Amino acid sequence: MTQIGMLGRSLCGLGLVVGLSGAAQAASPAAEFTVGSPAVAVADPAVPRPSEKACTVELFNDVSFDDFGTRPYSYAPPTGCGTHWKKVVLEADFSVTAGRQFDRTATLWLDGVNLYFGTTQEPSATVSPQWHVERDLTDYSALLRQAGQGQAIIGNLVNGTYTGVIHGSARLVFYPGGGQTDAPDAVYALGADPVGNTTVLNASSDRLAKTFTLPRNVERAYLDVFTQSQGGDEFWYTCVPDAYAAQTFECGGGNFREAEVSIDGQPAGVAPVMPWIYTGGIDPYLWRPTPGVQTLNFMPYRVDLTPFAGLLSDGAPHEVALSVAGAHGYFSATAALLVYRDPQAAQVSGRIVRNTLAGQPPTPTIGSTLATDADGNLSGDVTTQLTRQFTIEGYADTSRGRVRSTVTQTVGFDDTQSFLINASTYDQHTVQLTRVDSLSTRQRGPLAEIYEQHVRYPLDLDYRQLAAADGSLGAAATVRQGQELSTTRSLAGVPLYATRLSNQVEAADTLQFSAAGAFIGHTGQRNTQAYRFDDTLGSCYQASVSSVGGLLSAYTQGQGCPGGSNHLGWFSRPDGAPDSRGQAPF
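Mapping of the sequence shown onto our numbering: residues 11 to 596, in sequence order.
1) Please report the distance separating the alpha-carbon of G264 from that of Q522.
2) Counting only runs that start and end within the stretch 299 to 374, where is the alpha helix (DSSP H) found for 4 or more residues in a row?
3) DSSP three-state call for P572: helix, strand or coil?
4) Evaluate N576 with the Cβ neighbour count: other Cβ atoms within 10 Å of its Cβ, from every protein chain shown; 16 or more gives buried, anything less gives exposed.
5) With 16 other CB atoms within 10 Å as the buried threshold, where does V45 fall?
6) Where T538 and A485 are concerned, what is the direct C-alpha to C-alpha distance, given to the nearest angstrom?
7) Starting from T258, trace the alpha helix (DSSP H) in both directions and tell me its first and last residue.
8) Give me whichever residues DSSP pairs with S556 in a beta bridge.
9) Near T375, what residues of its chain come up, given a Cβ to Cβ distance below 7 Å and the 5 sequence neighbours on each side ignored?
10) In terms of residues, what are the limits of the beta strand (DSSP E) holding L483?
11) Do the CB positions of G122 and A196 come within less than 8 Å of each other?
12) Can you give the beta carbon distance from M284 to Y467, rounded, assuming they're within the 8 Å contact cut?
13) Quick one: Cα of D72 to Cα of V558, how far?
14) So is T382 buried or exposed if we call it buried at 16+ other beta carbons inside 10 Å?
15) Just how far apart, CA to CA, sit S512 and S554?
16) Who pairs with R452 in a beta bridge, going by DSSP?
17) Based on the DSSP secondary-structure assignment, which residues constitute the bridge partners of W119?
18) Is it right to say V235 is buried, meaning 16 or more other beta carbons lie within 10 angstroms of its own, or is it exposed?
19) From A157 to S84, what distance separates their C-alpha atoms?
20) Going straight from the alpha carbon of T66 to that of V465, what length do you get?
21) On the three-state DSSP scale, how would you describe D77?
22) Leaving aside the five residues before and after G174 along the sequence, list all residues of the same chain whose C-beta is less than 6 Å from its C-beta, in chain order.
23) Got a sec: does the ligand NAP put a non-hydrogen atom nearer than 7 Å to the Cβ of A406?
24) Would you check if there are 3 or more beta carbon pairs closer than 8 Å linking the stretch 255 to 269 to the stretch 449 to 460?
25) Taking just the CA atoms, how far does G291 sit from R217?
26) Looking only at C-alpha atoms, which of F341, L457, A53 sits nearest to L211?
27) Please confirm whether N275 and W286 have their CB atoms less than 8 Å apart.
28) Within the continuous alpha helix (DSSP H) that includes L396, where are the two ends?
29) How would you write the range of the alpha helix (DSSP H) that L200 sits in, first residue to last?
30) Nearest CA to the CA of K63: which residue from F78, K96, F75?
31) Check G241 in the structure and name its three-state DSSP category.
32) When the Cα atoms are used, what is the spatial distance from A180 to S582?
33) Taking the DSSP output, what are the residues bridged to P82?
34) Thinking C-alpha only, which one of S323, G573, P572, A564 is nearest F43?
35) When you compare only the Cα positions, how much space is there between A540 and G534?
36) Tell me the DSSP secondary structure of P294 in three-state form.
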């Protein structure tokens, strides 16, 4: 049997270095998209803004990234703009010069706290792509009220082969008028670098940990988590357990990944791992002109640690730690702890009364129907499945009385990888679903506030190599990737606010190689992104972009929204950014 599957892992690297043509040029609002253009075209919404006049603080302007050094900057709060804001938005613009270059990880930091996390668009030999990203940082207002030191990090190799130089600018935009309780009272960085950087987690046992002695009046706490796969884990979603790696020509270590949060060694919550695919991933043509879901702009997952508020308020040091179950070299991780304080109490007391996550290790069930026939042809499935349901409950005695906080979650991971391997074919089809159903309840007496959230990360990846009689080879890839998010907030059984978000990307392309293994072209490139958001207060956003042959072929916006146009309330978070504001102050 010809072992053509070995080429599958190397194609991703090949796409990064051959200077493929047809890269995008610029990211712009849908209204400015031009059919027939190779410009970066994304359907994602911008962060909606209030009507107040904004104040802007520049972080850096037109900085070049051509090595692996950091780019430091100083920050000072805006003058004449107050100290509490309705909205704070990070805006950043990036570009990379025409030539050869890998996709690169990009991060921005302030006093150890992450302000932005994403990756870059790959260039082509003749086209220099540009793109714009935004992140709602309103919940980080406490961090932004004092001066600090930050840095931008985009490690980039530039030499005679890899010629693309990345440039970037970033600023913070403040909209005055926020109330005293709009945002968390404090933001704490996890990690050892006082200015900011990620921590490498090579194995399940590796941890990002920080010990805090918090104020003695914590009444709510949350952890914003980023876990980005890199290195040997970049394509973790295609890996198989070690027992099947050799016969399937795949990476080992399995393909279950989940972020684990602990406090003082006690399991405290979990965060799903998003299967981000970068612009050089699988086949670079797939992502021109539209990258995958969140590729250029990651969103953190927020873990509710409020049941631990009483414990965290006891004046003792407490360790908050993050790890990635299944990490196999490696994940790049960071997290920020967001704390709300009781303004009327010098001391909040309480404890954890139930934690059923403890004692439920993240160990998936593995199954296999792989079989080899008499001719040495392999076919069958490898399945990976894990479902956990847990409840963490605690209470905090606040200035308004005892508040009971309960987090109940069902987390699931379901994956089937189907293989067909013979003398002329290597076909791997991965169907995966990461899911989280959460219910956070805060109750004082008969009054209960409930926040419900449902998260889905579906991934359908079919990768097929077909060898012709003359030894030439075609490598066809089809990717369907999505993010689905719905939330509901209610008080005393009365729904207050609900949202729905759907972000779906579907891409296909076929790479062609000569009998000598040389890349000779590609065919059948197509890509579509469809983005939809609405809420119960009148927000409605719809946009879609489509491409054929690396050029924008169609776009729509506002279809299905009232009046055929998009409308977003300034308070909404249509990008899926987490939001803990608006909760009852009891």
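Positions of the beta carbon are idealized from the N, C-alpha and C atoms, including for glycine. In this text, all values refer to a predicted model and were calculated from it rather than measured experimentally.
Let me spell this out:
1) Cα to Cα, the separation comes out at about 29 Å.
2) 319 to 322
3) helix
4) buried
5) Burial call: exposed.
6) 20 Å
7) 252 to 258
8) T538, A564
9) Q395, L396
10) 483 to 501
11) no
12) 6 Å
13) 32 Å
14) exposed
15) 11 Å
16) Per DSSP, the beta-bridge partners of R452 are S415, E459.
17) N124, Q161
18) Buried.
19) Near 8 Å, if we compare the C-alpha coordinates of S84 and A157.
20) For T66 and V465, the distance between alpha carbons rounds to 34 Å.
21) Looking at D77 - three-state DSSP - the assignment turns out to be coil, as it is neither helix nor strand.
22) V106, T107, G109, Q111, P133
23) The ligand NAP is not among the ligands present in this structure, which contains no ligands whatsoever.
24) no
25) 27 Å
26) F341
27) For the record, residue 275 in the displayed sequence is Gly; it is not Asn. No, the Cβ-Cβ distance between G275 and W286 is not below 8 Å.
28) It is not in any alpha helix (DSSP H) - L396 instead sits in the beta strand (DSSP E) that spans 388 to 408.
29) Counting along the chain, L200 falls outside any alpha helix (DSSP H), and DSSP gives it neither H nor E.
30) Selected option, being the one with the closest Cα: K96.
31) helix
32) 23 Å
33) Q161
34) Ranking the options by Cα distance to F43, first place goes to A564.
35) 20 Å
36) helix
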